[in-house]
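Accompanying notes for the structure given below.
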């Protein structure tokens with residue numbers, strides 16, 4: 002999974018759709034995926050160009066919050082925070098009954114921020130960290146990043162930067178008792194969730 006926008010990789014609160022991570026199919030190289038969030042018309046444009054309505058979207062000094070209903074057999078609602086200063090997108094999937102697990106955060110590495118008046122842009126850089134309270138954070142997507150680099154879709158400097166950013170997130174969370182909210186609070190950010 003690379004954020005909310007790669008259906009074949011959507012792993013809701015640790016429940017990977019293809020079974021274990023080791024059984025996932027090989028990835029095809031692709032360019033960084035872009036999404037847009039429009040505060041004026043309450044919409045979310047995914048990387049394929051599909052426009053989705055959102056229930057709530059608002060900007061804070063440190064980032065953008067978005068929530069929307071999703072038609073998925075495993076989860077029904079998604080919340081996401083775009084945090085430009087940390088090159089992060091923090092996402093929580095709300096699971097349907099029978100798919101309950103402890104709260105899981107998906108922290109996508111990328112470039113996030115305003116791109117014009119009342120509109121934000123999200124560019125995924127392939128890597129994300131799966132973080133569950135009390136468990137060691139898991140780095141996912143290195144195969145996608147390396148495939149994109151080998152295909153010339155992502156240059157060496159940005160590849161190194163994405164890896165450094167992901168490693169800093171893993172180290173930061175691990176150093177705060179495997180607690181994402183505690184780690185972010187130490188950076189001066191308190192996120193609100195449903």
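Residue numbers (the numbering used here): 2 to 195.
Where is the CB? At the ideal position from N, CA and C, for every residue including glycine.
Residue i burial status per 10 Å Cβ neighbour count (16 or more: buried)
i: residue 195; result: exposed
i: residue 111; result: buried
i: residue 151; result: exposed
Where residue i falls: helix, strand or coil (DSSP)
i: residue 172; result: helix
i: residue 190; result: coil
i: residue 195; result: coil
i: residue 1; result: For residue 1 there is no data in the structure shown, the boundaries of the chain being 2 and 195.
i: residue 154; result: coil
i: residue 133; result: coil
i: residue 144; result: helix
i: residue 202; result: Nothing about residue 202 can be reported from this structure: the residues present for the chain run from 2 to 195 only.
i: residue 97; result: coil
i: residue 128; result: strand
i: residue 160; result: helix
i: residue 75; result: coil
Contact under 8 Å by Cβ, residue i with residue j
i: residue 69; j: residue 54; result: yes
i: residue 83; j: residue 45; result: no
i: residue 115; j: residue 180; result: no
i: residue 35; j: residue 123; result: yes
i: residue 95; j: residue 113; result: no
i: residue 167; j: residue 147; result: no
i: residue 161; j: residue 30; result: no
Span separating the alpha-carbon of residue i from that of residue j
i: residue 28; j: residue 142; result: 9 Å
i: residue 159; j: residue 126; result: 9 Å
i: residue 39; j: residue 60; result: 11 Å
i: residue 132; j: residue 119; result: 30 Å
i: residue 176; j: residue 62; result: 26 Å
i: residue 56; j: residue 130; result: 26 Å
i: residue 106; j: residue 66; result: 15 Å
Would you mind listing the beta strand (DSSP E) stretches within the segment 22-62 that are 3+ residues and don't spill past its ends, in chain order?
Unbroken beta strand (DSSP E) stretches of 3 residues or longer found wholly inside the segment 22-62: 35-39, 44-46, 52-54, 57-61, given in chain order.
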